[in-house]
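Numbering (the working numbering), first residue to last: 1438 to 2049. Idealized CB from N, CA, C, for every residue including glycine. Please read all numbers here as calculations on a predicted model, not as lab measurements. Scroll down for the structure; my scribbles are underneath it.
Pasting the structure below:
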């Protein structure tokens, strides 16, 4: 059975109204074939569409702004530390769905019904198209049109400003941004249309939240319950186009410590009674690209804060499209003398594993981390399944059926071919084309820098122009300095991560056991990570690269020690900068990935991607 499932225009199919609307935008002009035109030379192209059919991940924000009760720790309806969603979004469905769409959008009347025009889904991430060069070029333009429709990147900035907003309308508030309204927090995420992203700039601190008193015959003891309080700014954002405007769905919160006290009830050494000032702002609104807008939030005179948001789009730029695998067709005759040859294609089947990056947080008592989403399956450079059929059908239509004794078969990672010199030359050329088209990897680099706020006026006017030179100009500004650098090299479709920092063990909790006339607390040793985690999935997209980025920078702000009824417990505090989102960027360019405010400095994380 031929594993390559061909789909011709004669196949019965139907399109939804949404797909039909998409086709109206991406259709190239259809030119009917003339009867007196000579038949074009036929070739076969293998087109990588993994960027169009791979699911885009979505993310949930951390819970906030107020601390959770002890019985809410594992409530997954509102995840304590946020999470990556199990189901991603596919803008155009699977590769088979994409075949139907492209057939409807290209070719003109009768073009796909007539041999040798043919379009098929080779596997879950590539299409095989056969026909004349004009038709194949039209298919390529159609796919690029789909990419341009869904791969714009939106940088979403959320800022919290303090001042006296009472009596001012939104326009007046916007006019004061970057002037007399004092910035309290700033966070950025990057998203593709329809996929939610998350940003967090703040702190997580452990504290003794409560005690659970255990009682047995002749003995009792207080079991300490360690909680976690998060402060700072956290935002979840989703962007879609709404006519000429952008529709932004945003759910953000901001929190800060407001004092607090300690208590020593019976059977407890100490309980921390935290106090938090917090506010949540959630809205769905149309925004103008690159301009600040005000979210509904608390605004009482003197003590209020204002949430402002800005969405900056970057149009998809796939110039310098990735070269497809091109297989020229040969005439089946004349037949030459047969010879046998073995081709090693193990390199095309190689697929390095995917890995998760570290999730960094301060662990509360009884917390159960959610199951992570499934890792991407190992993606070979070019799947061997169906490779003999691809070569058999494209290098010489009918040759292996007509030439007595000719054969092409695969065993493991080798091709065994008996054919004439012309067919061997075509096969060797095709394998070289496959290797050239699939050899590139993506190098992703992230550098985090601190720039004095006074040396970065672009924070309020627009950050992207500040990194047009790759960030060299930023580092040349007075007081700028590099905080850390990390880098990854990924094969297409792979998810991998780098964790760079220090892991420190702490006594984070106790497991209390009690029996008749005896009680004991077994220490629970936990770890605290201070450093940088860069976790990336990379998928090529014509001359650009699509990145799903999970970035965390953590700084250990201190470890307090608190006495409990069973022993001393360590209470770590972490300064965190987190980004969860996706972006598409041209090879060799640099973008601002994450932003935070830290004292008088602006912390910027720059990401660069290079196809090598």
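Please check the pair residue i and residue j, which I expect to be a contact at CB under 8 Å, by giving their CB distance rounded to whole angstroms.
i            : j            : result
residue 1617 : residue 1634 : Not quite, the Cβ-Cβ distance comes to about 30 Å (not below 8 Å), so this is no contact.
residue 2029 : residue 1506 : That pair is no contact at about 37 Å.
residue 1486 : residue 1532 : 6 Å
residue 1723 : residue 1682 : 4 Å
residue 1585 : residue 1753 : 5 Å
residue 2047 : residue 2025 : 5 Å
residue 1501 : residue 1715 : 7 Å
residue 1494 : residue 1936 : No, residue 1494 and residue 1936 are not in contact; Cβ-Cβ is about 19 Å, not under 8 Å.
residue 1644 : residue 1662 : 10 Å between Cβ atoms; not a contact.
residue 1980 : residue 1963 : Not really, about 46 Å apart at Cβ, beyond 8 Å.
residue 1542 : residue 1579 : 5 Å
Alpha carbons only, please: which of the options is nearest the one belonging to residue i?
i            : options                : result
residue 1619 : 1625, 1610, 1627       : 1610
residue 1504 : 1653, 1525, 1668, 1651 : 1668
residue 1960 : 1975, 1967, 1943       : 1943
residue 1489 : 1936, 1535, 1482       : 1535
residue 1621 : 1591, 1742, 1965, 1582 : 1742
residue 1383 : 1875, 1974, 1997       : Nothing can be reported for residue 1383: it is not among the residues displayed for the chain, which extend from 1438 to 2049.
residue 1588 : 1566, 1614, 1612, 1627 : 1627
residue 1934 : 1994, 1552, 1812, 1678 : 1812
residue 1881 : 2021, 1703, 1557       : 2021
residue 1918 : 1643, 1509, 2040       : 2040
residue 1694 : 1686, 1700, 1712       : 1712
residue 1928 : 1785, 1957, 1966, 2000 : 1785
residue 1696 : 1666, 1482, 1678       : 1666
residue 1971 : 1991, 1956, 1519       : 1991
residue 1593 : 2037, 2044, 2017, 2036 : 2017
residue 1576 : 1484, 1932, 1899       : 1484
residue 1498 : 1574, 1719, 1995, 1941 : 1719
residue 1583 : 1755, 2042, 1920, 2043 : 1755
residue 1932 : 1761, 1790, 1769, 1996 : 1790
residue 1939 : 1966, 1573, 1840, 1894 : 1966
residue 1837 : 1857, 1676, 1852       : 1857
residue 1861 : 1978, 1764, 1510, 1709 : 1764
residue 1989 : 1981, 1979, 1968, 2006 : 1968
residue 1671 : 1775, 1687, 1677       : 1687
residue 1816 : 1799, 1787, 1842       : 1787
residue 1744 : 1614, 1801, 1833, 1479 : 1614
residue 1597 : 1793, 1905, 2033, 1514 : 2033
residue 1608 : 1732, 2023, 1782, 1521 : 1732
residue 1481 : 1859, 1841, 1773, 1564 : 1564
residue 1993 : 1999, 2008, 1983       : 2008
Along the alpha helix (DSSP H) that carries residue i, what are the first and last residues, could you check?
i            : result
residue 1587 : 1570-1587
residue 1411 : Any question about residue 1411 goes unanswered here, given that the chain covers just 1438 to 2049.
residue 1898 : 1895-1898
residue 1482 : Careful: residue 1482 lies outside any alpha helix (DSSP H), inside the beta strand (DSSP E) at 1479-1485.
residue 1875 : 1858-1875
residue 1524 : Premise fails: residue 1524 is in no alpha helix (DSSP H) and is neither H nor E.
residue 1592 : Where residue 1592 is concerned, there is no enclosing alpha helix (DSSP H), although the beta strand (DSSP E) it sits in stretches over 1590-1599.
residue 1848 : No alpha helix (DSSP H) holds residue 1848; the beta strand (DSSP E) holding it covers 1844-1848.
residue 1610 : 1607-1612
residue 1905 : No alpha helix (DSSP H) contains residue 1905, which DSSP labels as neither H nor E.
residue 1838 : 1836-1839
residue 1617 : Element bounds for residue 1617: n/a, residue is neither H nor E.
May I ask you to check if the CB of residue i is nearer than 7 Å to at least one heavy atom of the ligand FAD?
i            : result
residue 1800 : The model on display carries no ligand, and the ligand FAD is accordingly not part of it.
Looking at the unbroken beta strand (DSSP E) that takes in residue i, where does it start and where does it end?
i            : result
residue 1683 : 1682-1700
residue 1632 : Neither: residue 1632 is in no beta strand (DSSP E) and is coded neither H nor E.
residue 1715 : 1708-1724
residue 1812 : Careful: residue 1812 lies outside any beta strand (DSSP E) and carries neither H nor E.
residue 1788 : Premise fails: residue 1788 is in no beta strand (DSSP E) and is neither H nor E.
residue 1881 : 1879-1889
residue 1732 : 1729-1732
residue 1513 : Neither: residue 1513 is in no beta strand (DSSP E) and is coded neither H nor E.
residue 2049 : No beta strand (DSSP E) holds residue 2049; DSSP gives it neither H nor E.
residue 1780 : 1776-1781
residue 1762 : 1762-1765
TODO: Could you tell me which uninterrupted beta strand (DSSP E) segments, each at least 3 residues in length, are contained entirely in the stretch 1972-2046, listed from first to last along the chain?
DONE: Scanning the stretch 1972-2046 for uninterrupted beta strand (DSSP E) segments of 3 residues or longer gives 1981-2001, 2004-2023, 2026-2035, listed from N- to C-terminal end.
Open item on the list: Contact between the stretch 1872-1890 and the stretch 1909-1927 is defined here as three or more beta-carbon pairs at a separation below 8 Å; is this criterion met?
Closed with: With a cut-off of 8 Å, the stretch 1909-1927 and the stretch 1872-1890 count as touching, because enough Cβ pairs lie within range.
Task: contact_flag[the stretch 1859-1875, the stretch 1815-1832] where n(CB pairs < 8 Å) is 3 or more - done: Counting Cβ pairs under 8 Å, three or more are found: they touch.
- [ ] Please confirm if the stretch 1721-1729 is in contact with the stretch 1948-1955, defined as three or more CB-CB distances below 8 Å between the two stretches.
- [x] They do not touch, by the three-pair rule.
Task: 3-residue-minimum beta strand (DSSP E) runs that sit fully inside the stretch 1917-1952, ordered along the chain - done: Taking 3 residues as the shortest admissible run, the stretch 1917-1952 contains the following complete beta strand (DSSP E) segments, listed from N- to C-terminal end: 1918-1927, 1932-1952.
- [ ] Could you say if the stretch 1516-1529 and the stretch 1546-1565 meet the contact criterion of at least three C-beta pairs nearer than 8 Å?
- [x] No: the two stretches stay apart, fewer than three of their Cβ pairs being nearer than 8 Å.
Task: Contained alpha helix (DSSP H) runs [length at least 4] in the stretch 1520-1569, N- to C-terminal order - done: The stretch 1520-1569 contains these whole alpha helix (DSSP H) runs: 1532-1542.
- [ ] Tell me, please, whether the stretch 1638-1651 touches the stretch 2007-2019 by the rule of three or more beta-carbon pairs shorter than 8 Å.
- [x] Enough Cβ pairs lie closer than 8 Å, so yes.
Open item on the list: Within 8 Å, do at least three Cβ pairs link the stretch 1842-1849 to the stretch 1798-1818?
Closed with: Judged by Cβ distances under 8 Å, the stretch 1798-1818 makes no contact with the stretch 1842-1849, as fewer than three pairs qualify.
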